[in-house]
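In my numbering, the protein residues as written are 54 to 1126.
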Amino acid sequence: MLRLISSNSIEQLAAALATELCRTIPRDPLQAQQVLISTNAMSRWLALALSEHMGICAGVDFDFGGRALRRLVLELSGSPSNPADDPWDPARLRWSVAALLQQLPEQELWAPLHQLWNRPGHNAAGLDRYRLQILLQICDTLDQYGLYRPQMVRRWLAGDNGDANGVPLPAHERWQPALVRALQEQLAPQGVAHPSERLLLAMERAAKLPPQPDPLHVFGLSSLPPVMWELLAQQAGSGSRPVLIYQLSPSLEPWDEQPIRSQNESALEALERRLLHRGHPLLASLGRTQRDFHWQLELIAAELQEGFRREPLPAPTPVQEQGLLQLLKEDMHRGLRRAAGIPGVEAPLTISAEQLNLQVLACHGDRRQVEEAHRAVLALMAADPQLEPRHVLLMTSDVARFTPLVQAVFERPKGNADPRHLPVRVTDRTLRQRNPRIDLVFRLLDLVGARLDSEEVLDLLLLPEVAAHLELDGLSQPQWRSLLQAAGIRWGRDGTHRARWGYPAEGQHSWRWGLDRLLLGLQLEDDFPLGEAASGQWQDLAACSTTLASAAMVLALNDACGRLFEQLQQLERPQSPAEWNRSLAAAVQDLSGSGGDDGWQSPELYALLQPLRLAGDEQTLLDGAAVVALLEEAEAQEQGRYGHVSGAVTLSALEPMRSIPHKVVVLLGMDEQRLPRRDTRAGFDLMVRQPRRGDRDRRQEDRAILLEALQACTHHWIATYTSIDPRSGEERNPAAPLSDLLRCLESSYRTPGGEPITTLVHQQAEPLPPLAVAAGGTAPWPAELQWTLPAVAPAGLEELQRWLRDPHQALLQAHDIRPVRRALSDTDPEEADLDGLGRWSLNEQLLALGNERLAQAQWPEQRQALVMRALLPPGPAAELASSASLQQCRQLLQHSAALEAQAGLAVLTCNGGFKPKRLLNAWLDHLWANAEASRTTHLVGLINRRSGDVAASWQLLPLSKAIAQGHLDDLQDLRRAALQQPIAFVPELNWLELSRQQAGAGESPLPGLGSRQLDELNPSGRDGYRWPQALLQLEGGVTPELEHWLQQPQVGELSRRVLLPLSEALAAGGLVL
54 MLRLISSNSI EQLAAALATE LCRTIPRDPL QAQQVLISTN AMSRWLALAL
104 SEHMGICAGV DFDFGGRALR RLVLELSGSP SNPADDPWDP ARLRWSVAAL
154 LQQLPEQELW APLHQLWNRP GHNAAGLDRY RLQILLQICD TLDQYGLYRP
204 QMVRRWLAGD NGDANGVPLP AHERWQPALV RALQEQLAPQ GVAHPSERLL
254 LAMERAAKLP PQPDPLHVFG LSSLPPVMWE LLAQQAGSGS RPVLIYQLSP
304 SLEPWDEQPI RSQNESALEA LERRLLHRGH PLLASLGRTQ RDFHWQLELI
354 AAELQEGFRR EPLPAPTPVQ EQGLLQLLKE DMHRGLRRAA GIPGVEAPLT
404 ISAEQLNLQV LACHGDRRQV EEAHRAVLAL MAADPQLEPR HVLLMTSDVA
454 RFTPLVQAVF ERPKGNADPR HLPVRVTDRT LRQRNPRIDL VFRLLDLVGA
504 RLDSEEVLDL LLLPEVAAHL ELDGLSQPQW RSLLQAAGIR WGRDGTHRAR
554 WGYPAEGQHS WRWGLDRLLL GLQLEDDFPL GEAASGQWQD LAACSTTLAS
604 AAMVLALNDA CGRLFEQLQQ LERPQSPAEW NRSLAAAVQD LSGSGGDDGW
654 QSPELYALLQ PLRLAGDEQT LLDGAAVVAL LEEAEAQEQG RYGHVSGAVT
704 LSALEPMRSI PHKVVVLLGM DEQRLPRRDT RAGFDLMVRQ PRRGDRDRRQ
754 EDRAILLEAL QACTHHWIAT YTSIDPRSGE ERNPAAPLSD LLRCLESSYR
804 TPGGEPITTL VHQQAEPLPP LAVAAGGTAP WPAELQWTLP AVAPAGLEEL
854 QRWLRDPHQA LLQAHDIRPV RRALSDTDPE EADLDGLGRW SLNEQLLALG
904 NERLAQAQWP EQRQALVMRA LLPPGPAAEL ASSASLQQCR QLLQHSAALE
954 AQAGLAVLTC NGGFKPKRLL NAWLDHLWAN AEASRTTHLV GLINRRSGDV
1004 AASWQLLPLS KAIAQGHLDD LQDLRRAALQ QPIAFVPELN WLELSRQQAG
1054 AGESPLPGLG SRQLDELNPS GRDGYRWPQA LLQLEGGVTP ELEHWLQQPQ
1104 VGELSRRVLL PLSEALAAGG LVL
């Protein structure tokens, strides 16, 4: 007997299953009742649901439907049950196909396959990534033939060359049956029949099985090959074992009529027309997968007749106040279509705003989708205190893209102390995301044949397991980056490795060169540029000795790099699968050891490498890219196994039969570009050209997913998509299934005002999230809020200078708040065209050398010393990179030397032109010195002239001790206040305000420099003035509007208080050329 228990509520089906399990308890208490399910998520949810009905869920064996039925086929046909022993298993068949393809004769029959295998310009003797992809496609296609077209394959094995309908194949397709026969001949000595033969034999033997009283429960499965449903029907119809199918269907209509058992095209078209005109529009557009399943059940019912029994469960009692979601599901359940002005069709239903529990949010990009979903979920939780994070399910077709976004938006640093915090559990983490050893394997393979950039190598070496084993955990990653930057390591193992990329075979800036510099630094001290270059050099190598380069760390880094590069050299050459298995295992062992993994990481790695062990062929050679593709394919089979039904918000992949009940279901990334996903089946697949009902179709499955998501939701359903590209501003459409849903809602439901309900359901989100306004101010740290410090000691000169350059950063540091810093890109020592930071750094080095060593006679030697220390690029590029800086520094040093020859002067040399921060530094130096004894100070820098930059100096005349100390005391008082309350002082911006005040003074100008001179000393960059990062942090990350900020009364006050005395001093001393 085959019983079909159907409902549109999965909770009802779970209750029915619990009833049947209690009714048919086995006599043997150790015998488990078998339940076939679709996914791990379903098994976990079902176990909890059964425990609620039965008190405890024990003695129930959950198994995947496809796996259990394949195992049944193997048992009935007498074939090996272990895939490793089955030569027709795709994991083993691929190697047999690879060996066969290498031996195919040059005949017309095989010409299409030769053309596919040997693409133009392809000279690889073994398997590269392209050939492996072809190999996987061929094996997967042949495997699908055995499942979905077993009769066709049986005829092929008998010598026929026809398609599934018996029509002879064209000449260019006949290589497929020939390949199946060649494989059969090659594998015949192993004594294992082809899967199609096994399947057909199992069908014949299923009806003759001895009776078994314990029923087989099939729960929530809707996607199996038709022959598997027939196999179940054979078991049930013969009386060997009762079968109960628990079918989740959105509707019982119009699939309640028995279809014609025929592949007649007109009959199928008639059914499609009936669905389109009589059924619900969503079932017509999204329900093809469900219709195929119903079709198969109807065929089984017609065959079993009295051995088939339908048991539809009554629809759940509707709640008193149904929302739009519940009304939509009820209309689908009844197969009811609504539209205005169509005879015989129900009129649209009026929906109030309170009934809206279905939302579609159109957003500007993926990040805004997640932010809007988070906002909507928080609003639902605020309205319903019973709603918890575990009641929320997030689903997306792009888990890798949305996982970091969801975790960043939903989870907050303060955890549960922040009311916006929602914990997230990701169910579809890949093996490399959760297993460090597998991540190490993929990182190693990524480095095979790569440039070995310093960042890539360092990321691998600082993996926790690797760093602990190789004793590299004594420094943090930023410290290691600084050390490698100081050593000049950029890319390449050595000079030979760099030569592969078209560079001279010189080791400069390679790992070997930089490591040798660090090792030499353990023996030699290098005080260049303050000291002589020769003291830190040995055999054309300059020592690198920094405070971070301790002996333990340098030796550990040298050993780690030696191990890594040795393993990479082993992995660079093509190898057999068995050699790859040994090499990868040895590399992981060498770099991360064997202990400390609690016994679970190594077995997973062993399982991942199984495809390499199954090859059994020492002749086929694979390159690194092919191994990556092979392991990626094996890794994809292991996703989605963990984390379902936890206490947190669940983030899961949008896959068929993965939607388990949740109160709130959110679909992220419902974009036209993402869904339906591209069909990856091969172009030579005959099933694509001659599809049949029940064939797998990824695009149709993706359309059916939306129906499943609607069925899984009980309270509130949300979908988000990108309607406007955040970069280009182009409009984008929602995914096709979502568009179908919107059209259905538009025609079926109305607002109280008579408008389509989509005017309320379909919402356009703001391009940016609204800014949160803190109580009592407009920023997270309002300007009027004081944070008292117990005592503020007077600052020394350098500390006072640092404070005046950035008061907001000093405020954060005084209260133990870590300032956010901009990510600074490392200067590339091989780049001849230096950026601003590179030029500044080089100028500092040249100024430190002094005027004598920059003279024409000594400069070549000093330039080479800079090259050896990775401060200049090697070769002729060194002269090109240093020419402009050399000219500027010679001018500055010569001008400084001329001033220093005069007695009683203090000379300060700045790197580059005069700017507010440099002038303030010199002003404080001048005040500090004059508070001890009166003296004149000259600040030497560059000024721009039509002929180019020339050296000049601003003169600061002597001050009395009392005046200098008065200025210092005032700045100390201001600093004391600024460490307890934000002040409106940014040197460049306040200088701008002082210039504007001077320009607007008219006939009563302020003392000091004129407006034009002030502007020349404060040029703005290409993008305007840059706001200090600490100020933005105090403003909550929001950039203030410049004009509004300058209008603050404190800006003008501090400009006059701090900058006006400096302006007067500059005007009094003047500019000296």
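Using N, Cα and C, we set each Cβ at its ideal position, and we do this for glycine too.
Predicted model only: the values in this text are computed from it and were never measured.
For residue i, I'd like the list of residues in its chain whose CB is within less than 6 Å of its CB, leaving aside the five on either flank, ordered along the chain.
| i | result |
| --- | --- |
| Trp566 | Gly560 |
| Leu103 | Ala71 and Cys110 |
| Asp526 | Ala520 |
| Val1125 | Ser1006 and Gln1008 |
Only counting the same chain, and skipping five residues up and downstream in sequence, which positions put a Cβ closer than 7 Å to that of residue i?
| i | result |
| --- | --- |
| Val206 | Tyr198, Gly199, Val233, His247 and Ser249 |
| Pro79 | Gln86 and Asp267 |
| Cys942 | Asn896, Leu899, Leu900 and Leu907 |
| Arg420 | Leu458 |
| Ser405 | Pro805 |
| Thr456 | Val479 and Leu704 |
| Ser62 | Pro369 |
Reducing DSSP to helix, strand and coil, say where residue i ends up.
| i | result |
| --- | --- |
| Tyr659 | helix |
| Gly829 | For Gly829, the pLDDT reaches just 36, beneath the cut-off of 50, and the residue's location in the model is therefore unreliable, leaving the point undetermined. |
| Asn611 | helix |
| Val271 | strand |
| Met107 | helix |
| Gln817 | strand |
| Thr773 | strand |
| His861 | helix |
| Leu1115 | helix |
Compare the beta carbon distance of residue i and residue j with 8 Å and say whether it is the shorter of the two.
| i | j | result |
| --- | --- | --- |
| Ala1037 | Leu945 | no |
| Ala975 | Thr962 | no |
| Leu842 | Leu1087 | no |
| Met448 | Leu222 | no |
| Arg485 | Glu688 | yes |
| Leu1113 | Leu1027 | no |
| Val413 | His815 | yes |
| Ser1116 | Glu1046 | no |
| Gly965 | Leu995 | yes |
| Ala638 | Leu662 | yes |
| Met95 | Arg362 | no |
| Arg147 | Leu189 | yes |
So, is residue i buried or exposed, given that buried needs 16 or more other C-beta atoms within 10 angstroms?
| i | result |
| --- | --- |
| Leu475 | buried |
| Glu425 | buried |
| Pro279 | buried |
| Leu57 | buried |
| Pro544 | In the sequence as displayed, the identity of residue 544 is Trp instead of Pro. Its Cβ being crowded by 16 or more others within 10 Å, Trp544 is buried. |
| Pro303 | buried |
| Gly829 | Because Gly829 sits at a pLDDT of 36, beneath the cut-off of 50, its placement in the model cannot be relied upon, and the following sentence gives the value as read from the coordinates. Exposed. |
| Leu591 | According to the sequence as given, residue 591 is Trp; it is not Leu. Classification for Trp591: exposed. |
Identify the continuous alpha helix (DSSP H) that holds residue i and give its terminal residues.
| i | result |
| --- | --- |
| Asn349 | What sits at residue 349 in the sequence shown is Gln, not Asn. Its alpha helix (DSSP H) spans residues Arg341 to Leu357. |
| Arg785 | That residue, Arg785, is in no alpha helix (DSSP H); it is neither H nor E in DSSP. |
| Gln422 | Asp419 to Ala436 |
| Tyr201 | Arg182 to Tyr201 |
| Gln239 | Trp228 to Leu240 |
| Asn974 | Pro969 to Asn983 |
| Ile404 | Per DSSP, Ile404 belongs to no alpha helix (DSSP H) and is neither H nor E. |
| Pro248 | Pro248 to Ala259 |
Identify, in the order they occur along the chain, each residue of the same chain with its Cβ nearer than 8 Å to the Cβ of residue i, setting aside the five sequence neighbours on each side.
| i | result |
| --- | --- |
| Gln408 | Glu374, Gln375, Gly376, Leu377 and Leu380 |
| Asp1023 | Arg1110 |
| Leu269 | Gln87, Leu89, Leu285, Gln288, Arg294, Pro295, Val296 and Leu297 |
| Arg803 | Pro401, Leu402, Thr403, Ile404, Pro809 and Ile810 |
Output the boundary residues of the beta strand (DSSP E) element that contains residue i.
| i | result |
| --- | --- |
| Ser645 | Not the beta strand (DSSP E): Ser645 falls in the alpha helix (DSSP H), residues Pro630 to Ser645. |
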